[in-house]
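K.L.:
Supplied in structure tokens, the structure appears directly below.
Residue numbers (UniProt numbering), protein chains in the order written: chain C, 1 to 339; chain V, 1 to 339.
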């Protein structure tokens with residue numbers, strides 16, 4: 001008998017962050033699998049700010065916009081419940097591109113589906129430290145940012161999953177780590193639990209002035225997740241030959257027309273900076289190698305993460321809104337079934 | 001008896017490109033040399049767009065602004081006429097930081113002074129192919145731009161000395177080379193004499209549309225000398241993993257307040273681009289090595305340059321204005337004496 005499935009569908013293009021008017025939860029009977037498919041029962045799916053971009057009609061994003069009336073795509077952690085692919089069996093734990101849904105049908109030969117281990121003290125870390133966010137943090141710091149021991153390292157959206165991991169990776173490399181975040185509670189988490197050297201609350205403080213105080217010799221690496229005025233504040237304070245690892249540009253994602261680049265753009269020339277943009281699907285294939293390094297730090301208690309888990313598919317949109325109004329800390333997940 | 005010297009002094013900060021109201025030609029008796037000085041009789045000095053920046057009061061340029069009432073600094077080619085430095089003798093041909101003047105007193109232990117060879121078919125090339133412009137072009141293409149054979153290479157201000165050399169270097173590497181310039185005459189020079197594959201006249205054509213036509217698979221390397229709307233047109237047309245070598249930002253130089261960065265800045269993320277800013281004094285020490293490579297291409301007739309030489313120190317400002325109104329081709333020099 002066909003299984004019932006529910007998924008979030010893009011019914012209209014959202015205006016700003018009004019997701020409730022744009023997305024609809026629909027129910028249907030799952031199709032029968034064909035050769036090459038696996039059926040995954042989602043346990044958790046990841047909420048990512050970048051997904052907001054694909055909801056917009058802009059054509060110059062990473063990839064074409066999500067077509068209207070399509071399901072919203074997201075990274076899921078779940079159990080294979082039926083497989084017509086030779087490399088996967090029922091019971092496998094997988095991390096995969098699926099949907100914001102109860103079940104995902106994925107084709108491993110065409111899209112990202114990876115078997116991951118049941119042997120991990122906290123399986124949710126497959127969607128944090130040991131998943132795309134961890135790889136982005138690690139490669140963003142080490143390769144794109146070319147971070148060196150002794151560097152002064154600044155990260156924005158520091159209490160988000162990637163920002164918090166990036167700061168911890170930089171600390172492991174022997175950097176002084178400063179996080180820019182948006183509340184006293186977030187500052188406390190970063191300093192007291194994650195060991196950041198200093199934090200700045202961009203809602204309460206003048207970021208450029210605080211960076212000037214905290215980084216008298218300039219910022220060597222700025223790991224940016226947001227763009228906009230905070231990027232300008234950082235550019236004003238870069239050291240000669242500094243690097244800007246451009247991981248995200250949150251302030252751009254809900255705009256339908258281009259917003260100007262930083263007003264201090266010319267500092268790229270004056271300070272001889274390097275800006276590098278990167279995007280995790282480009283390096284998913286390197287995940288296993290990166291995870292070997294992350295594992296040693298994780299086991300030593302040096303990479304911590306906090307999860308903001310929302311129960312129930314029907315509560316997805318409220319949880320998603322919290323990515324844009326500053327009301328969450330750490331990794332945002334929706335739980336739709338037990339593992 | 002003390003020698004008379006004339007030099008251009010920064011009397012006031014210029015407004016826009018009104019240099020006549022800002023600079024004054026003054027005459028004085030040269031000071032007596034002290035130990036470590038060399039006295040250079042300037043034969044030629046170089047006119048560079050970047051000098052405009054130091055005339056402004058902005059503090060966030062490469063280096064602090066030129067103080068009011070100081071001489072304007074520039075790269076000179078001249079003959080040592082008196083030396084109190086053990087490494088230099090009267091009669092040496094030198095390339096040095098001097099002034100827009102008849103004579104320059106320079107201190108080789110503190111500033112750039114380099115002896116160059118009298119054995120060159122065209123000694124002016126010491127201020128073009130074999131000087132800072134040549135090194136900037138070469139390293140901008142090869143190292144900062146990481147240009148590879150087969151790349152589609154686009155350069156702005158292509159008929160300026162650095163742009164024209166950059167395009168020729170890229171052609172030697174096996175790239176398809178497209179130059180953006182500002183007149184039919186400049187286009188003809190680039191295509192017919194320098195071998196550019198295509199050109200765009202930004203005063204007559206829609207640059208973004210023409211780039212789209214000329215680069216259907218995207219731009220791999222954009223060597224930028226100007227910033228502004230032309231940078232936006234390039235960003236709109238970059239290939240995945242493209243590089244932007246930020247050599248100059250001409251549109252910013254005469255502004256006293258920051259101008260916004262490119263509207264298409266977010267393409268750095270969407271296309272995973274790398275932007276790198278660079279500045280020739282950082283690599284003057286590599287000049288001899290780079291010149292060995294440039295020499296082989298020059299001798300094979302693959303690196304050509306055209307000079308726009310103005311006679312007479314008193315005509316400097318008119319010549320300098322031509323750097324900003326599009327009325328010169330190639331390398332701009334002022335000749336103040338014979339070599």
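By construction, the Cβ of each residue, glycine as well, lies at the ideal position given by its N, Cα and C atoms.
Along the stretch 262 to 292 of chain C, what residues have a CB closer than 9 angstroms to any CB found in chain V?
P.N.:
262, 263, 264, 265, 266, 267, 268, 269, 270, 271, 272, 273, 274, 275, 276, 277, 278, 279, 282
K.L.:
Among the residues of its own chain, which have a CB less than 8 angstroms from the CB of residue 217/V, if the five just before and after it don't count?
P.N.:
152, 239
K.L.:
Measuring only between beta-carbons, confirm whether residue 246/C sits less than 8 angstroms from chain V.
P.N.:
yes
K.L.:
Determine, using beta-carbon pairs with one atom in the stretch 139 to 146 of chain C and one in the stretch 274 to 290 of chain C, whether at least three such pairs fall under 8 angstroms.
P.N.:
yes
K.L.:
If we cut at 8 angstroms on Cβ distances, does residue 28/V have a partner in chain C?
P.N.:
no
K.L.:
Please name the residues in the stretch 129 to 146 of chain V whose beta-carbon is closer than 9 angstroms to at least one beta-carbon of chain C, in chain order.
P.N.:
144
K.L.:
For the candidate residues 173/V, 57/V, 336/V, whose alpha-carbon lies nearest to that of residue 12/V?
P.N.:
57/V
K.L.:
Which stretch, first to last residue, makes up the alpha helix (DSSP H) that contains residue 388/C?
P.N.:
The structure shown has nothing for residue 388/C, since chain C only spans 1 to 339.
K.L.:
Using a Cβ-Cβ cutoff of 8 angstroms, what residues of the stretch 59 to 71 of chain C are near chain V? List them in chain order.
P.N.:
60, 61, 62
K.L.:
Could I get the ranges of all uninterrupted beta strand (DSSP E) runs contained in the stretch 184 to 250 of chain V, with 3 residues as the minimum, in chain order?
P.N.:
198 to 201, 219 to 224, 238 to 246
K.L.:
In whole angstroms, what separates the C-alpha of residue 141/V from that of residue 255/V?
P.N.:
28 angstroms
K.L.:
Would a check of beta-carbon distances place residue 260/C closer than 8 angstroms to chain V?
P.N.:
Contact of residue 260/C with chain V is assigned, a C-beta pair being separated by under 8 angstroms.
K.L.:
Does the separation of the CB atoms of residue 41/C and residue 79/C fall below 8 angstroms?
P.N.:
Yes.
K.L.:
Please list the segments of the alpha helix (DSSP H) lying wholly inside the stretch 282 to 307 of chain C, counting only runs of 4 or more residues, in order along the chain.
P.N.:
287 to 299
K.L.:
Measure from the C-beta of residue 77/V to each C-beta in chain C and report whether the shortest distance is under 8 angstroms.
P.N.:
No - not a single Cβ of chain C is within 8 angstroms of the one on residue 77/V.
K.L.:
Are the stretch 263 to 271 of chain C and the stretch 231 to 247 of chain C touching, with three or more C-beta to C-beta distances below 8 angstroms?
P.N.:
yes
K.L.:
According to the neighbour-count rule (16 or more other Cβ atoms, all chains shown, within 10 Å of its Cβ), is residue 182/V buried or exposed?
P.N.:
buried
K.L.:
Which chain V residues are close to residue 249/C, counting only those with a beta carbon under 7 angstroms from its beta carbon?
P.N.:
266, 269
K.L.:
Quick one: grab the DSSP three-state call for residue 270/V.
P.N.:
helix
K.L.:
Kindly list the residues whose CB is nearer than 7 angstroms to the CB of residue 230/V, restricted to its own chain and excluding five residues on each side of it in sequence; keep chain order.
P.N.:
Annotation for residue 230/V: 156, 180, 202, 207 place their beta carbon closer than 7 angstroms to its own, counting only its chain and skipping 5 residues before and after.
K.L.:
Quick check on residue 93/C: does DSSP put it in helix, strand or coil?
P.N.:
strand
K.L.:
Would you verify that the beta carbon of residue 252/V is, or is not, closer than 8 angstroms to some beta carbon of chain C?
P.N.:
yes
K.L.:
DSSP state of residue 311/C, grouped into three classes?
P.N.:
strand
K.L.:
Quick one: residues in its chain with C-beta nearer than 8 angstroms to the C-beta of residue 129/C, no 5 flanking neighbours on either side, listed in chain order?
P.N.:
So the list reads 165, 294, 298, 303, 305, once near-sequence residues are dropped.
K.L.:
My assumption, with CB atoms under 8 angstroms, is that residue 76/C sits in contact with residue 90/C. Please give the rounded CB distance.
P.N.:
Actually they are not in contact, since the Cβ atoms of residue 76/C and residue 90/C sit about 16 angstroms apart, beyond 8 angstroms.
K.L.:
Quick one: grab the DSSP three-state call for residue 106/V.
P.N.:
strand
K.L.:
Starting from residue 41/C and walking both ways along the beta strand (DSSP E), at which residues does that stretch end?
P.N.:
38 to 46 is the span of the beta strand (DSSP E), which, as asked, contains residue 41/C.
K.L.:
Mapping DSSP to helix, strand and coil, what is residue 101/C?
P.N.:
strand
K.L.:
What do you get for residue 21/C, buried or exposed, if any count of 16 or more other CB atoms within 10 angstroms of its CB means buried?
P.N.:
Classification of residue 21/C: exposed, given that the 10 Å Cβ count is below 16.
K.L.:
Label residue 106/C either buried or exposed according to how many other C-beta atoms from any shown protein chain fall within 10 Å of its C-beta, with 16 as the threshold for buried.
P.N.:
buried
K.L.:
What are the start and end residues of the alpha helix (DSSP H) that includes residue 52/C?
P.N.:
51 to 55
K.L.:
Counting along the chain, where does the beta strand (DSSP E) carrying residue 335/V start and finish?
P.N.:
Membership of residue 335/V in the beta strand (DSSP E) is indicated by the continuous run 331 to 335.
K.L.:
Pull up the DSSP beta-bridge partners for residue 23/V, would you.
P.N.:
10/V
K.L.:
Leaving aside the five residues before and after residue 176/C along the sequence, list all residues of the same chain whose C-beta is less than 6 angstroms from its C-beta, in chain order.
P.N.:
152, 197
K.L.:
Would you tell me roughly how many angstroms separate the C-alpha atoms of residue 341/C and residue 33/C, rounded to the nearest one?
P.N.:
Look at the range of chain C in this structure, 1 to 339, and you will see that residue 341/C is not part of it.
K.L.:
Can you tell me where the alpha helix (DSSP H) holding residue 318/C begins and where it ends?
P.N.:
316 to 321
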